[in-house]
Amino acid sequence: MNNRRDFLRKGALAGILLSGATGISGDLVALDKSELKNGTLTKNSGTIFNSIAFITSESPGVLAEKATRIFLRILNERTGLDFSGSGGNHLTIRLRILARTMPPEAFRIEKPEENSIILSASDSNGILYGLGKLLHISVISEAGFIPGEWHGLSVPEKSQRNIYFATHFHNFYHTAPVEKVINYIEELALWGYNNIEVWFDMHGFEGINDPKAGAMLDRLTIILRAGKDAGMKISICMLANEGYNSSPIELRAQPPKQIRLRGCYGVEICPSQPGGTELILKQIEEELEAFSLRGVLVDFIVVWPYDQGGCGCDRCTPWGSNGYLKLSGKITELAHRKIPGVRIILSTWLFDCVEDEGEWAGVAKAFRDEKPWVDFIQADSHEAFPKYLKNNPVPGDLPLLNFPEISMWNSWPWGGFGANPLPQRFQGLWDEVKDKVAGGAPYSEGIFEDINKVIYSQFYWTGSKTSIQTVREYVSFEFSADHAESIIKAIEILETNHGLRAGFKPGSPPTFKVPTEDYGAEEAYNLLKEVDHNLPERTRISWRWRILFLRAMFDYKLRKNKGFTDETVEAGFRELTELYYAYQADLSVQPPLK
Ligand SMILES: [Zn+2]
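First residue of the sequence shown: -5, per my numbering; consecutive thereafter.
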């Protein structure tokens, strides 16, 4: 059996042979460097493995094979080492799919011997999430791989662990090289996300045959396929009454009530106009066919009332419980005809958002009078969870999904100042809904809220796992177990100091609004600078570290300079622009460069 003592002995012996007087071998140099620079061995002193073999049945299935490739890709990226050989200390990971022995997607990790791990699941998704867990709890350094100590059974509590990618404004999902987006989707799958949602936003196109629409459908197809390949279900979101920019003027919707919050593009279609509903359904049918022609078979459709959209005409009002609800029935019928088995999520975003318009109560009544035609209700808001659901059951007693806003809250441009970790905020919001929901779908504008996505992935997996426990797991895996406390402290400060904003006027450089409070911006920056000096090069230059580090720098420098930039700040904005591929981005997702 290889344990660390054996490894040291072997290394020392090799050192005598190879290095003569110094008595230090290549392996030991790596080991020392790791202890000194990363300090990982003091936290986890198991055997360091340099090669890994997966033992599977003869036909482990496409997803289980894919999971091992993702696992090895990340190990290689993090260490520069190739673990596929048989040299050095050799770890065996046995993957066993034992149908119906545990709940769907669950996994069990066992360590019968120091150099052997058994990962069992009822299905290949469980294998994927188990390998993700194993990766996230392990220590990965330039010296090799030290498996985490955790073992046991892990069962996901929430079945709907969705993630919504906004693919617009030339944000990361819209413009980054596809292989980067695909890798990112795989990395989210390792944290347990099992459903990816995108929206084909019609208003920018003349129709389904507009070449620009085709390019967007192609891009969305790549994202959805990547999700499918990583074991996810795939979902299409749609605004119930959206329109192309060529929509007939006589069929156009009236702006919704509370337009300041709900918004509209002005090209939406009123379903109460003769021919309006038919046009809406024709467009949706064409969209589903366009995806189908590209080989995409949708598992879920998420129908949305507002933001943008809705209709404020007398015949559609109140939109949520009248025009929208009727339309949702017709969309459901069409969807079931086109894609048997497809499931429908009814979003209630911005229902009764300022005053009680009877939207919630109307949907509840409709689903008492008639069997609900949708499968899930989705509810949330920019700020607090909708009041209606705090005091009333979910309409139709349907399973409820939340829609946490992890990207835009209280800072602008979104991602313009790097990472926006908000663990305390999300813990508070989660505590209010965790016993009510069957999962949810965080709204994502890019990679800058990676920590927030991971926090929610773990809420959905284990409702009682706190955001700070997840931040610790994330920080130890992505950055350094030994410096975790410093990084966590810095993240706490970043959250209390959250709220940087930029303002743009044509022809002028951006201006900055900085919160007057300062809860230790300099301390957070110093903590991360100190850690930065001690990280291995590969970690130090990784995008996840850079966006966190830059955020601490912006918080400190923009306060110190009273809202003015300097060379370091400008260089930071340039670097973020490169990391996000935001060269053509709209102001809302563009780092605020001069
Ligand atoms: Zn109308």
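Positions of the beta carbon are idealized from the N, C-alpha and C atoms, including for glycine.
- Pairing A515 with N70, the inter-Cα distance amounts to about 35 angstroms.
- Distance check between N235 and each of L255, I64, Y259 places Y259 closest, using alpha-carbon atoms only.
- Relative to ligand 1, A234 has its C-beta separated by 7 angstroms or more from all heavy atoms.
- Under the DSSP assignment, L85 falls outside any alpha helix (DSSP H), being part of the beta strand (DSSP E) whose first and last residues are 84 to 91.
- An exposed status is given to P205, since fewer than 16 other beta-carbon atoms sit within 10 Å of its beta-carbon.
- Ordered by chain, the residues meeting the criterion of a beta-carbon within less than 5 angstroms of a non-hydrogen atom of ligand 1 are C264, S266, C305, C307, C310.
- Under the DSSP assignment, S110 falls in the beta strand (DSSP E) whose first and last residues are 110 to 115.
- In the assembly as shown, N203 is an exposed residue. Its beta-carbon has fewer than 16 other beta-carbons within 10 Å.
- Each residue's CA atom was taken as its position, placing Q578 and L233 some 26 angstroms apart.
- Cβ contact annotation for D223 (same chain, cutoff 7 angstroms, sequence separation greater than five): K60, in chain order.
- As computed with DSSP, L233 is found in a beta bridge with W298.
- Residue burial is scored here from C-beta neighbours: A546 has at least 16 other C-beta atoms within 10 angstroms and is therefore classed as buried.
- Close CB contacts of E426 within its chain, under the 7 angstroms cut and outside five residues either way in sequence, are with F379 (chain order).
- Judged by DSSP secondary structure, A373 falls within the beta strand (DSSP E) whose first and last residues are 370 to 373.
- Here DSSP, grouped into helix, strand and coil, assigns T464 to helix.
- Rounded to the nearest whole angstrom, the CA to CA distance from E99 to Y574 is 32 angstroms.
- The DSSP-derived three-state label of V348 is coil.
- Taken in chain order, the whole alpha helix (DSSP H) runs of length 4 or more contained in the segment 460 to 505 are 461 to 472, 478 to 490.
- From the listed residues L581, F77, G124, G81, the smallest Cα separation to L89 is found for G124.
- Spatial neighbours of A329 in its own chain (CB-CB distance under 6 angstroms, excluding positions within 5 residues in sequence) are listed in chain order as I295, V336.
- Less than 8 angstroms divides the Cβ of L340 from the Cβ of S322.
- DSSP places Q267 in the coil class of the three-state scheme, outside both helix and strand.
- Under the 8 angstroms Cβ criterion, the segment 506 to 515 counts as touching the segment 540 to 558, having at least three qualifying pairs.
- In terms of CA proximity to V368, A358 leads the group D374, S375, E377, A358.
- By DSSP's assignment, G433 forms a beta bridge with Q154.
- When secondary structure is reduced to three states using DSSP, K251 falls in the coil class, being assigned neither helix nor strand.
- Burial check for N188: the Cβ neighbour count within 10 Å reaches 16 or more, so the residue is buried.
- A direct Cα-to-Cα measurement between N83 and I46 gives close to 9 angstroms.
- One thing to note: R256 has its Cβ within 8 angstroms of the Cβ of D301.
- For S240, there is no enclosing alpha helix (DSSP H), as DSSP gives it neither H nor E.
- The continuous stretches of beta strand (DSSP E) do not include K428, and DSSP gives it neither H nor E.
- DSSP places V290 in the coil class of the three-state scheme, outside both helix and strand.
- Relative to I462, the option among W424, K499, G440, G497 whose CA is nearest is W424.
- Closest by C-alpha distance to I228, out of R63, F498, I216, is I216.
- With a contact defined as Cβ atoms closer than 8 angstroms, F420 and I449 qualify at about 5 angstroms.
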